[in-house]
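2 protein chains.
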Amino acid sequence: MKRRYLVLAPDRFAHDAKTAHGVIAYGSDETVGVVDPSCGGSRVSDVVPYLQSRAPIVSTVDEGLALGPTALLVGTAPQGGALPPSWRAEILRAIDARLEIVSGLHDMLGEDEEFKRAAQRAGTTIWDVRKPPAVPLFSGAVYDVAAPTLLMVGNDCAVGKMTVALELRRAAERANVRAAFVPTGQTGIMIAGWGIAIDRVIADFAPGATESLVRYAAESKPDLIVVEGQGSINHPAYAPVTLALMYGAAPDGLVLVCDPTRKRIHGFNTPTLAYRELIRTHESLLAAVKPARTLGIALNTRHLDDDGARAAIAHAKAETHLPVDDVVRYGPDALYAAIAPRIQKERPCV
Amino acid sequence: MKRRYLVLAPDRFAHDAKTAHGVIAYGSDETVGVVDPSCGGSRVSDVVPYLQSRAPIVSTVDEGLALGPTALLVGTAPQGGALPPSWRAEILRAIDARLEIVSGLHDMLGEDEEFKRAAQRAGTTIWDVRKPPAVPLFSGAVYDVAAPTLLMVGNDCAVGKMTVALELRRAAERANVRAAFVPTGQTGIMIAGWGIAIDRVIADFAPGATESLVRYAAESKPDLIVVEGQGSINHPAYAPVTLALMYGAAPDGLVLVCDPTRKRIHGFNTPTLAYRELIRTHESLLAAVKPARTLGIALNTRHLDDDGARAAIAHAKAETHLPVDDVVRYGPDALYAAIAPRIQKERPCV
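So, in structure tokens, the structure goes:
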């Protein structure tokens, strides 16, 4: 049964609610309202124009209950990380109203004594989407998956790898190709309703967890599997997660997702890599385990005007001789059509 | 205060007790006896000739108590993984005798209700060395460590990366260079008495955990830091841990540790990489974050006879033009002397 989400994002919905935006844009569940007193009384698309939702924004959970939600989505972290008393009160109100609590916070709400007791009392549940289940070690069973698998890789965190995966799936479906999306981070999990936050898995088990996700997606016999990427191969902190996805998903093709204006890894002095360096690095690592070619580049040109976007796309094409587009600005169909004929199953090294 | 270890390894000491052998060979604590009824009555060096220890092997923990141990080391996993009743009884006996329990098993003995209660009753403690402490995200603070740092990398798991690190430290100390060893796996931790099993850290935090280890080692103002390596960069399951060590330790130089007879990654069909491929892969990944050169190669030639060992060393030298030796077979001094002049601090990319 589909959830009817009330999204909790006090003072954050407009600018700092990536998860909420993703769930509204792509989620299989419905968003019936948003709680943010700083823009209470308006509607979602008034505040975030690219979201085609007219769901109302209210000031409190209590107000939101009138919209008939079945679940409260806590998709954005409060400033500073720790849960302020006002958020706590709102979450408790939702629990008392027997809403399911779905949280992408680092802190596990289900392990909080007050929330746990309240949920037991109310007879509802708390789903901490970042909490990984017990997962197996990588076995190589993913090599037997029949559908070709595409993995998103990129020049940094938060450049749009999940969005590109979802847009390519959308384009594939429009081309009558049954495509499965594999979520590997909290927003993707909330959108799809399943998945594992690979960055929260014990390092030894991260490739095995990824393998289990791809095999699960393969059970529905899709024509194509599209895997959400994480981090970047030269990210000083998150590259191990990137590599876990590369070896664990055992992709047949890569789609490179880059913000061309991103010159340094966010939060570090480390320079981002040029397109050809990224392509060479990913392909050479995979060549030693299971080869995969880079099939195309999805640029995130949101920081550029239209001329800038076209110039960036032309530049990337000239540098790499690959299909290049911005799938948000110009839609995913052209990039998908350019990539599709190049998708083919690859064998692991033996 | 140094521990006096009684090592528990029923039926495993001769052939399948890598941790116990490492602790006996290199540990800062003393091993006063080994429990293995299959060779009870003999001494350590009778059973494992390369270990220069005359500690007695006894048949039961009870017998071993006469040797005056202060701690029981559980360093080898029982066949099949689960703790058989006979091991459980022996561990409980040691707890009742107020020995500290030091365990490198995957299963946390300190979380076992029976052991926990027994330890509380006896007033002793259980140290699960694989259990990681809370660790920070990678920050880049490791770039300020003054001592040059060497990281061991290799062509597979279990080829001797820890042993080479310890042997190089030994050679450095003999050359009046104060060298600190950084343990990153359970055996290294038991040998050094501190450290973090990086493979047990949540993937996002694995580089940060590594960084914290190197910074801790730097506090004693050593002249050189030598970091135990893990896995291999093309290991389908463990490569993310390898990469976490590469970015987290931010080494200035690499020592490549290879078993030249290892043609496939243990347990997988994936071929191991040739020397030049390994060098290129590590150096190119690090060049994008903090450059490090490969300074030498330590071969593990235990599966070769003396002629074979010399041929393998000559072959690796011809292939790579690097210093190459087997530091166990021929001692570490020559390789250390060849590497030492090439060690220099490198700066991170900006």
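Residue numbers (the working numbering), protein chains in the order written: chain A, -7 to 342; chain B, -7 to 342.
Every residue, glycine too, gets a C-beta built ideally from N, C-alpha and C.
Remember, predicted model here, so these are calculated numbers, not experimental data.
For Pro340(B), go through chain A and note every residue whose CB falls closer than 8 Å to its CB, in chain order. Within the second sequence, numbered from 1, the residue matching residue 340(B) stands at position 348. In chain order: Asn261, Thr262.
Report the CB separation of Lys(-6)(B) from Ser20(B) in whole angstroms; it is logged as a contact under 8 Å. Start at 1 with the first residue of the second sequence, and residue -6(B) comes out as number 2. Start at 1 with the first residue of the second sequence, and residue 20(B) comes out as number 28. Contact flag correct, Cβ pair sits at about 7 Å.
What does Gly200(B) touch in chain A if you count any residue whose Cβ is under 7 Å from its own? Locating residue 200(B) in the second sequence gives position 208, where the first residue counts as 1. Going along chain A in sequence order, the residues near Gly200(B) (Cβ under 7 Å) are Ala229.
Could you please give the first and the last residue of the uninterrupted alpha helix (DSSP H) stretch that includes Glu203(B)? What you label residue 203(B) is simply residue 211 of the second sequence in a count that begins at 1. Element bounds for Glu203(B): 198 to 210.
Which partner residues of Met144(B) appear in the DSSP bridge assignment? By one-based count along the second sequence, residue 144(B) stands at place 152. For Met144(B), which the question treats as bridged, DSSP gives the partners Val247(B).
Test: Phe130(A) CB closer than 8 Å to a CB of chain B: As a first step, residue 130(A) must be located in the first sequence, where it is residue number 138. Cβ-Cβ to chain B under 8 Å: yes for Phe130(A).
Rounded to whole angstroms, what's the CA-CA distance from Leu327(B) to Ala290(B)? Just pull it up for me. Walking along the second sequence from the start, residue 327(B) turns up at place 335. Walking along the second sequence from the start, residue 290(B) turns up at place 298. When rounded, the distance between both Cα atoms is 8 Å.
Using 8 Å as the Cβ pair cut-off and three pairs as the minimum, do the stretch 46 to 59 of chain A and the stretch -5 to 10 of chain A touch? They touch, by the three-pair rule.
Residue environment, Ser224(A), which counts as buried when at least 16 other CB atoms sit within 10 Å: The residue given as residue 224(A) occupies position 232 in the first sequence. Flag for Ser224(A) reads buried.
Tell me, please, whether the CB atom of Asp120(A) is closer than 8 Å to any CB atom in chain B? As a working mapping, residue 120(A) is identified with position 128 in the first sequence. Output row for Asp120(A): interface = no.
Residues of chain A with CB closer than 9 Å to the CB of Arg192(B), please, in chain order. Indexing the second sequence from 1 puts residue 192(B) at position 200. In chain order: Ile194, Ala195, Asp196.
Taking Asn226(B) as the query, report the chain A residues whose CB atoms sit under 7 Å from its CB, ordered along the chain. Position 234 of the second sequence, counting from 1, holds the residue named residue 226(B). What Asn226(B) touches in chain A, judged by beta-carbon distance under 7 Å, is Ala280, Val281, going in chain order.
Which residues, in chain order, does the stretch 234 to 266 of chain B contribute to contact with chain A at a C-beta distance below 7 Å? Against chain A - using a Cβ distance shorter than 7 Å - the residues of the stretch 234 to 266 of chain B are Leu235, Ala236, Tyr239, Phe260, Asn261, Thr262, Pro263, Leu265.
In whole angstroms, give me the CA-to-CA distance for Glu103(A) and Asp38(A). Numbered from its first residue, the first sequence carries residue 103(A) at position 111. Numbered from its first residue, the first sequence carries residue 38(A) at position 46. If I take the Cα positions, the gap works out to 36 Å.
For Ala63(A): DSSP bridge partner residues: Here residue 63(A) refers to the residue found at position 71 of the first sequence. According to DSSP, Ala63(A) bridges with Tyr(-3)(A), Glu92(A).
Report, in whole angstroms, the separation of the C-beta atoms of Gly14(B) and Met154(B), which I expect to be a contact under 8 Å. Here residue 14(B) refers to the residue found at position 22 of the second sequence. Here residue 154(B) refers to the residue found at position 162 of the second sequence. With 8 Å as the limit, Gly14(B) and Met154(B) qualify as a contact, their Cβ atoms being about 7 Å apart.
If you check the beta carbons only, do Glu380(B) and Asp244(B) fall under 8 Å apart? Since the first residue shown for chain B is -7 and the last is 342, residue 380(B) is missing from the structure and cannot be characterised.
Is Trp119(A) helix, strand or coil by DSSP? The count along the first sequence starts at 1 and reaches residue 119(A) at position 127. Correct three-state label for Trp119(A): strand.
Compare the C-beta of Thr179(B) with all C-beta atoms of chain D and state if any pair is closer than 8 Å. Of the protein chains in this structure, namely A and B, none is chain D.
Helix, strand or coil at Phe260(B) [DSSP, three-state]: Taking the second sequence and counting its residues from 1, the one referred to as residue 260(B) is at position 268. Of the three classes helix, strand and coil, the one that applies to Phe260(B) here is coil, per DSSP.
With a 10 Å radius around its C-beta and 16 neighbouring C-beta atoms as the bar for buried, classify Ser95(A) as buried or exposed. Counted from its first residue, the first sequence places residue 95(A) at position 103. Its Cβ being crowded by 16 or more others within 10 Å, Ser95(A) is buried.
If you check the beta carbons only, do Ala63(B) and Glu92(B) fall under 8 Å apart? Position 71 of the second sequence, counted from the first residue, corresponds to residue 63(B). Position 100 of the second sequence, counted from the first residue, corresponds to residue 92(B). Cβ distance < 8 Å, so Ala63(B) and Glu92(B) count as in contact.
Interface partners of Leu277(B) on chain A, CB under 9 Å: Locating residue 277(B) in the second sequence gives position 285, where the first residue counts as 1. In chain order: Ile225, Asn226, Ala231, Thr273, Leu277.
If you drop the 5 nearest sequence neighbours on each side, which residues of the same chain put their C-beta closer than 7 Å to that of Ala6(A)? Here the question's residue 6(A) lines up with position 14 in the first sequence. Closer than 7 Å at the Cβ level, and outside the excluded window around Ala6(A), lie Cys31, Val39, Val40.
Quick one: is Arg192(A) buried, meaning 16 or more other Cβ sit within 10 Å of its Cβ, or exposed? The count along the first sequence starts at 1 and reaches residue 192(A) at position 200. Its Cβ being crowded by 16 or more others within 10 Å, Arg192(A) is buried.
Threshold first: 4 residues or longer. Then list the alpha helix (DSSP H) segments lying entirely within the stretch 289 to 320 of chain B, N to C. You should have 298 to 312.
Classify Ser78(B) as buried or exposed, calling it buried when 16 or more other Cβ atoms lie within 10 Å of its own Cβ. As a working mapping, residue 78(B) is identified with position 86 in the second sequence. Result: exposed.
If I'm right that Thr262(B) touches Arg256(B) with Cβ under 8 Å, what's the distance once you round it to whole angstroms? Numbered from its first residue, the second sequence carries residue 262(B) at position 270. Numbered from its first residue, the second sequence carries residue 256(B) at position 264. Rounded, the Cβ-Cβ distance is 6 Å, consistent with contact.
Environment of Glu106(B) [buried if 16+ CB atoms lie within 10 Å]: As a working note, residue 106(B) is residue 114 in the second sequence. Counting Cβ neighbours within 10 Å, Glu106(B) comes out exposed, since fewer than 16 surround it.
Is the beta carbon of Val249(B) closer than 8 Å to that of Val320(B)? Within the second sequence, residue 320(B) is the residue found at index 328, counting from 1. Within the second sequence, residue 249(B) is the residue found at index 257, counting from 1. In this structure, Val249(B) does not lie closer than 8 Å to Val320(B) by Cβ.
For Ile49(B), the three-state DSSP class (helix, strand or coil): Here residue 49(B) is taken as the residue at index 57 of the second sequence, counted from 1. Ile49(B) carries a strand assignment under DSSP once its states are collapsed to helix, strand and coil.
Closest to Leu235(B) by C-alpha separation, out of His274(B), Ser212(B), Arg207(B), Ala126(B), would be which residue? Counting from one through the second sequence, the residue named residue 235(B) turns up at place 243. It is His274(B) whose Cα lies nearest to the Cα of Leu235(B).
Helix, strand or coil for Val40(B), going by three-state DSSP, please let me know. As a first step, residue 40(B) must be located in the second sequence, where it is residue number 48. Val40(B) falls in the coil class under three-state DSSP.
Let me know the secondary structure DSSP gives Leu97(A) once reduced to three states. Here residue 97(A) refers to the residue found at position 105 of the first sequence. In this structure, Leu97(A) counts as coil in the three-state DSSP scheme.
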